[in-house]
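Number of protein chains: 2
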Amino acid sequence: MSNEYESMWKGLGLNLASHDALLEVLGKGYTDIYLAQKDRPEGMGYFDFVMSEVHGLRIKELVDEKEQGRKIIGSYCVFVPEEIALAANATLVGLCSGADFALEEVERYLPRNTCALIKSAFGFKLGQVCPYLEAADMVVGENTCDGKKKAYESLGTLMDNLYVMDLPQMKSDLGRDLLRSEYDRFKTAVEELTGVVITHESLTQAIKIVNAKRSALHRLAKLRSADPIVISGLDGLLANQVSFYDNPKRFTESVHKMCDELEKRIQANQGIFPVKTPRILISGCPMAVPNWKLPWIIETSGAVIVGEESCVGERGARNLTQDTGTTIDELMDAITDRYFDVDCAIFTPNQERLDHIQEMVKAYKADGVIHYGLQFCQPYTMEAIPVENALEKKDIPCLRIETDYGMEDVGQLKTRIEAFVEQLK
Amino acid sequence: MSNEYESMWKGLGLNLASHDALLEVLGKGYTDIYLAQKDRPEGMGYFDFVMSEVHGLRIKELVDEKEQGRKIIGSYCVFVPEEIALAANATLVGLCSGADFALEEVERYLPRNTCALIKSAFGFKLGQVCPYLEAADMVVGENTCDGKKKAYESLGTLMDNLYVMDLPQMKSDLGRDLLRSEYDRFKTAVEELTGVVITHESLTQAIKIVNAKRSALHRLAKLRSADPIVISGLDGLLANQVSFYDNPKRFTESVHKMCDELEKRIQANQGIFPVKTPRILISGCPMAVPNWKLPWIIETSGAVIVGEESCVGERGARNLTQDTGTTIDELMDAITDRYFDVDCAIFTPNQERLDHIQEMVKAYKADGVIHYGLQFCQPYTMEAIPVENALEKKDIPCLRIETDYGMEDVGQLKTRIEAFVEQLK
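Structure (structure tokens):
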């Protein structure tokens, strides 16, 4: 797609040579990992198309929106409410952070012992290869973990449109007050950016759109609990990943269309994995495109992934926002309540997450849990130990993995995962 | 001192064999590092004595206080206000976290990639070798960094008296509200623990005691700015370290007594390092007893340390608390204001720290800065890069060190530090 979009990418300030190299790797990875799968639902064709055009057609849509005066807001975290962006007639997109890029340059800004996701965000900026980032009128950082919190100080020196959102560390009354106050501040900032005043009607409408998107993801998640298994974990993950990039209404329709197909498969007992394939729940750090390393290893090691306890997965999509508030204030409260329930490991204590993992194991009939920690992600690698202890108490097998975006440890991981899967049979 | 205190240690629940081994290492380290220094001020005799009795006489004092009904509160951080403890007739002590202990057992609770200070706190608990911790009626954890925040969740399973204090991440109005609210909650908890209601008088008095201690440390710090150099950096650090353990009034007197002596040395031009010895400012992570590794390497590499931009140093002791409030509320506000100014790297943004480092370089006539980051301490290792950039802009040489409590890298560090010192000559 290079030729067709070259002038657009140039206009966004991308480094074309680096970007071409990135697209080539991305395309090859997608072919090897995704297109190599068998018996995929036809509905995945839509997501294949989206991915093939993830730096092309989708960016063109955003550029077209910009030309019509619509603003683009980029985000690195599920704590940034899409409802508020949509209500002010802006588009919220997730920003690239799923692959290593320009590592040497990155380490001039960040210590080597920084998690791959944060390094990736810097790499995409420094390498000028993320069209979402370059198209964004506002980039939202958030004080989740220490790594991101401190990294945004440096990222702010590389761009003039970084907006930092503070977040609480405890689910106390004051913690909730802080979140509400920060969402109010964000609402004002978005209104200033767009010149659009959010109304009760526009906010209600935005909540409905985002709820519909999340409901579609809930439906998909539930279908993955079925036995026979009718969709791979890789494909399930992809739908969740695409939810951060795509137009929300079109995305919702596409997910439902695929769900109709999956329901038929279930009724026809059309499983795509051998009977009694061990079912794995993944729990831990988010997996942004094109971070498919661990699911790919798992699903080529004789197991299938039936759910993701992850921000790119159920933790990010769980719970709808109540849309019945009769004032903007009530709706903002409802938004705050919904996001305050997200059980990210940045919170202390975070017992809810341990409970949710066990509920998901049950709901998705998982035989075991693989906890995915990005190396140097302190909140998740630290919480992994209590997670494992809690699961062991319930006799649920758990394997703790710590890795990054590099490919050096694939062989070693495969050996460990095959042994784990064997034990689940 | 083993025999004399054995029954006391046993009574506290220490593991005597492990504790003996620890004391032996500590004693040897102190002899090799501290007592090997030349021309030390006579006033350091007091601190030598304190250190020789740090698990003996000082613990006996605490045990005696407990027998008289006084409560002991242990803390891991300078954000826990000693003023509030003292005002309720309690004693605040810093808890052991400066040496590796029981590492294998620790890694059942914490990932290997956790900073040495946090691992140390667990090691002292799991190994049952910290008499301060075992004597404490209340142990205060605080949500500073992700590492500590998540570690306290596990530490809480090892003790029944852990109290967790929340902290803000930004110096916003809501951040200050949170700190004030948490100090109010702490005050109530301390009053409940001690059965003593804090009064305007007792709080004023406590503020004065802590201010006096900090003023003594300020006086000592200022004398280290002199040329000739009349006290080593190791000895200066020790005074700061002892301030966390000692009776505050006795400590204050002892520091002033030594300062009188240092002033005489300055007047008599009695330097204890060769003229033109390169002067180093250390900046970064706190150094708890017996973490003397880096200062020891620096001061045996031809340089002298003239100040510590550290929680165990100027960052922790900077600023007095206004004691003129006419109500408890005003005094609590003053305490909040004082601690809210601490420029720990957990805050974002944290420009004040960059400014303070440069002010300290000037005030102490430092020729260069060595930034000390504990490996895996994200806030400080990440902030080290902007610190270095800011210093380079002002042509102040800076060396970034990342290390832990192990001795494996001493040779390598010495080579790097000698080269850095050479460049300052």
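So the sequences go chain by chain: A and B.
Numbered by our numbering, the letters in the first sequence go through residues 1 to 425 in order.
Numbered by our numbering, the letters in the second sequence go through residues 426 to 850 in order.
Even glycine gets a Cβ: it sits at the ideal position worked out from N, Cα and C.
Predicted model, so just to flag it, every value in this text is computed and none were measured.
For isoleucine 280/A and isoleucine 722/B, the gap between their C-alpha atoms comes out near 50 Å. Residues of chain B whose Cβ lies closer than 7 Å to the Cβ of lysine 149/A are, in chain order, Gln594 and Thr773. For methionine 165/A, DSSP records a beta bridge to Glu142/A. In the three-state scheme derived from DSSP, where H, G and I count as helix and E and B as strand, leucine 706/B is classed as strand. Annotated as proximal: asparagine 240/A and valine 312/A, with beta-carbon spacing under 7 Å. Contact between methionine 476/B and tyrosine 455/B holds: their C-beta atoms lie close to 6 Å from each other, under 8 Å. For threonine 806/B, a Cβ of chain A is located within less than 7 Å of the residue's own Cβ.
Around isoleucine 385/A, the beta-carbon contacts reaching into chain B at under 9 Å are Arg533, Tyr534, Leu535, Pro536 and Ser579. Around the CB of valine 531/B, 16 or more other CB atoms lie within 10 Å, so the residue is classed as buried.
The three-state reading of DSSP puts serine 181/A in helix, counting H, G and I together.
Proximity of glutamine 412/A to chain B, defined by a Cβ-Cβ separation below 7 Å, is not satisfied. Residue burial is scored here from C-beta neighbours: valine 80/A has at least 16 other C-beta atoms within 10 angstroms and is therefore classed as buried. In the same chain as aspartate 660/B, and ignoring 5 residues on each side of it, the C-beta atoms closer than 8 Å to its own belong to Tyr459, Gln462, Arg465, Pro466, Met469 and Phe472, in chain order.
Glutamate 42/A carries a coil assignment under DSSP once its states are collapsed to helix, strand and coil. In this structure arginine 224/A is in contact with tyrosine 364/A, their Cβ atoms being roughly 6 Å apart against a cut-off of 8 Å. Remark: C-beta atoms of glycine 552/B and serine 679/B do not approach each other more closely than 7 Å.
Cysteine 96/A places its beta carbon less than 7 Å from that of cysteine 130/A. A contact between stretches requires three or more CB pairs, one per stretch, nearer than 8 Å, and the stretch 190-204 of chain A fails this requirement with the stretch 244-251 of chain A.
Annotated three-state conformation of isoleucine 207/A is helix, per DSSP. The CB of serine 597/B comes closer than 8 Å to the CB of Asp166 in chain A, given here in chain order. Taking 7 Å as the CB threshold, asparagine 568/B lines the interface with chain A. Scanning Val242/A, Phe251/A and Ala189/A for the CA closest to the CA of alanine 88/A turns up Ala189/A. Against chain A, the CB of glutamine 783/B has no partner CB under 7 Å away; the residue lies outside that interface. Here alanine 641/B has Thr677, Val680 and His681 as same chain residues with Cβ atoms under 6 Å from its own Cβ, once five neighbours each way along the sequence are excluded. Residue-level contact by beta carbon holds for leucine 178/A and chain B, with a gap shorter than 7 Å. Membership of tyrosine 372/A in the beta strand (DSSP E) is indicated by the continuous run 368-374.
Look at alanine 651/B here: in three-state DSSP terms it is coil, with no helix or strand label. Sequence-ordered contacts of the stretch 31-57 of chain A with chain B are nonexistent [C-beta pairs closer than 9 Å]. Under the Cβ distance rule, glutamine 776/B does not count among the residues neighbouring chain A, no pair being separated by less than 7 Å. Among the residues of chain A, those whose CB is under 7 Å from the CB of glutamine 803/B are Asp146, Gly147, Lys150 and Gln378, following chain order. Asp591/B is the residue among Asp591/B, Asp598/B, Lys596/B and Met595/B whose C-alpha sits nearest the C-alpha of methionine 170/A. As for any beta strand (DSSP E) of minimum length 3 sitting wholly inside the stretch 227-315 of chain A, the runs are 279-284 and 304-309, ordered along the chain.
Chain B has no Cβ within less than 7 Å of the Cβ of serine 120/A. For arginine 825/B, DSSP records a beta bridge to His796/B. For leucine 14/A, the three-state secondary structure derived from DSSP is coil. Only residues of its own chain outside the window of five on either side were considered, and among them Lys119 and Gly123 have a CB closer than 8 Å to the CB of leucine 103/A, listed in chain order.
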